[in-house]
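A.B. asks: Mind the numbering: the sequence shown is residues 1 to 245 in the UniProt record's numbering, read in order. There's a structure below that I have some questions on.
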Amino acid sequence: MSYGLSATNNGGSVVISSDYKTLVFSERGNFQILSRYSDGEGYGAVTFVKPIQTQEPPQIFVRCIAASHNNLSFYTRVLGGPGNWTAFSVVSAALGAGVVQNFTLEYVSCKYSDKKSVDEYGLEIYDAQEGVVYTSSDRVVRYGKFTKSWAYVPPQVAYGRVAVFNSNLPLAHDDFISISSVDRGNAWFMGSVDYAGLRIREGGAPVLKILINLNRTDINLFQGTAGSAFSIPVCKFPIERYYNE
C-alpha cells in the first residue's frame, strides 16, 4: 500500500487495512427448516432485521442446534441486491425415513464495514474513495479455519449423478459454516452441473461437504490450478462478543 494503515496478526496476515474492507458482525438469530412431507424438500428463510446496504452480498454462517434427521443438505440463496440485501433462504434435500423435516439452525449474518463509528471515540479508516472500511465500534469476524482441499467422490450408482467433494475438515458443534459460499447456480463448476449444495450434518455430526448434481457423466471435475482450491470459512461466534443490539 502507498499510504494509510495496515494491521497484521501474529501470523503475518493483514486483518485490518485501508486498502480492503473488513468483514464484521451484523446480526444473529434462529430459523427452522421444515418439510410438509417426509419424502419432500424442506424450506427455511430469514428476513434480516436490518437490511444490509453494502454493494457486496452478506456472508451467512450457520450451525445446526436441533435436528429431526441425522443428515442435512441444502442450497442457499441470498435475497435482495446490491445496496439492499434483505434475506436468505434455503432448500433442503428430501430425506424420507417417514419423518418430516424439522431442523433448528442458528445463523450469523456478516457484512463489510460501511458505517461510521457509533462510539464517542475510537478509530475510523477510509479508503481512497472516502468509503468506510473499518471502525473500532465494529465487531470484526475472526476466522477460525478454512477448507484447504477436497476429496472428490465420483457419482455412485445408488445416487445417480450426484457427486461429492469432501473437505475432511474437523468440525465442532459450536462451529459456524459459511453457507453463502455456495449459492445455487455457482459458476465455480463451469456449467458441468445443474446445481450445487452443502451438506453440514451427517450421521448426527457436523460435516462440510459439497454435493453436486452433474448434468453429464462423461466429465472430470478439477479443483483448480497451481495447487489452488475453493475455500469455505468456518468461524466461532461467542454470544458475549457477537450479539444483537
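Every residue gets a Cβ at the ideal spot worked out from N, C-alpha and C, and that includes glycine.
From residue 168 to residue 50, what does the alpha carbon distance come to, in whole angstroms?
C.D. replies: The residue labelled residue 168 in the question sits at position 168 within the sequence shown. The residue labelled residue 50 in the question sits at position 50 within the sequence shown. In a straight line, the C-alpha of residue 168 is about 35 Å away from that of residue 50.
A.B. asks: Would you call the region 77–91 in contact with the region 40–57, where contact means no fewer than 3 C-beta pairs closer than 8 Å?
C.D. replies: yes
A.B. asks: Could you give the DSSP three-state label for residue 188: helix, strand or coil?
C.D. replies: Residue mapping note: residue 188 aligns to position 188 of the sequence shown, counting from 1. Confidence at residue 188 is low in this model, with a pLDDT of 49, below 50, so the placement of that residue should be treated as unreliable; the coordinate-derived value is given next. Residue state, collapsed to three classes: helix.
A.B. asks: Go ahead and pull the three-state DSSP assignment for residue 102.
C.D. replies: Within the sequence shown, the letter at position 102 stands for residue 102. Three-state DSSP puts residue 102 in a strand.
A.B. asks: Quick one: using the 10 Å Cβ neighbour count with 16 as the cut-off for buried, is residue 147 buried or exposed?
C.D. replies: Reading the sequence shown from its first residue, position 147 is the one you call residue 147. Flag for residue 147 reads buried.
A.B. asks: Shortest alpha-carbon distance to residue 107 belongs to which of 34, 178, 198 and 210?
C.D. replies: On the sequence shown, position 107 is the one that residue 107 refers to. Residue 178 is the option with its Cα nearest to residue 107.
A.B. asks: DSSP beta-bridge partners for residue 32?
C.D. replies: Stepping through the sequence shown from its first residue, residue 32 is reached at position 32. Paired residue(s): 104.
A.B. asks: Residue 195: which of 213, 19, 201 and 238 sits nearest, CA to CA?
C.D. replies: Within the sequence shown, the letter at position 195 stands for residue 195. Residue 195 has its Cα closest to that of 213, out of 213, 19, 201 and 238.
A.B. asks: Cutting at 7 Å between CB atoms, please list the residues of its own chain near residue 154, excluding the five before and the five after it.
C.D. replies: The count along the sequence shown starts at 1 and reaches residue 154 at position 154. Answer for residue 154: 163, listed in chain order.
A.B. asks: Give me the Cβ distance between residue 101 and residue 16, rounded to the nearest whole Å; I'm assuming they're in contact under 8 Å.
C.D. replies: Looking up residue 101 in the sequence shown gives position 101. Looking up residue 16 in the sequence shown gives position 16. With 8 Å as the limit, residue 101 and residue 16 do not qualify as a contact, their Cβ atoms being about 41 Å apart.
A.B. asks: Secondary structure at residue 150, three-state DSSP: helix, strand or coil?
C.D. replies: Reading the sequence shown from its first residue, position 150 is the one you call residue 150. If DSSP states are grouped into helix, strand and coil, residue 150 belongs with coil.
A.B. asks: Residue 92 lies in the beta strand (DSSP E); which residues open and close that run?
C.D. replies: Here residue 92 refers to the residue found at position 92 when the sequence shown is read from its first residue. 84–92 is the extent of the beta strand (DSSP E) around residue 92.
A.B. asks: Does the region 110–121 come into contact with the region 22–40, if we say contact requires no fewer than three beta-carbon pairs (one atom in each stretch) closer than 8 Å?
C.D. replies: yes
A.B. asks: Verify the contact flag: residue 73, CB atom, against every heavy atom of the ligand GTP, threshold strictly below 6 Å.
C.D. replies: Looking for the ligand GTP in the displayed structure turns up nothing, as the structure carries no ligands at all.
A.B. asks: Identify every residue that forms a DSSP beta bridge with residue 135.
C.D. replies: Against the sequence shown, residue 135 aligns to sequence position 135. In the DSSP output, where bridge partners are listed per residue, residue 135 has 124.
A.B. asks: In the structure shown, what three-state DSSP assignment does residue 158 receive?
C.D. replies: Locating residue 158 in the sequence shown gives position 158, counting from the first residue. Note on residue 158: pLDDT 49, under 50, position unreliable in the model; the coordinate value appears next. Of the three classes helix, strand and coil, the one that applies to residue 158 here is helix, per DSSP.
A.B. asks: Which partner residues of residue 233 appear in the DSSP bridge assignment?
C.D. replies: Mapped onto the sequence shown, residue 233 falls at position 233. Partner(s): 146.
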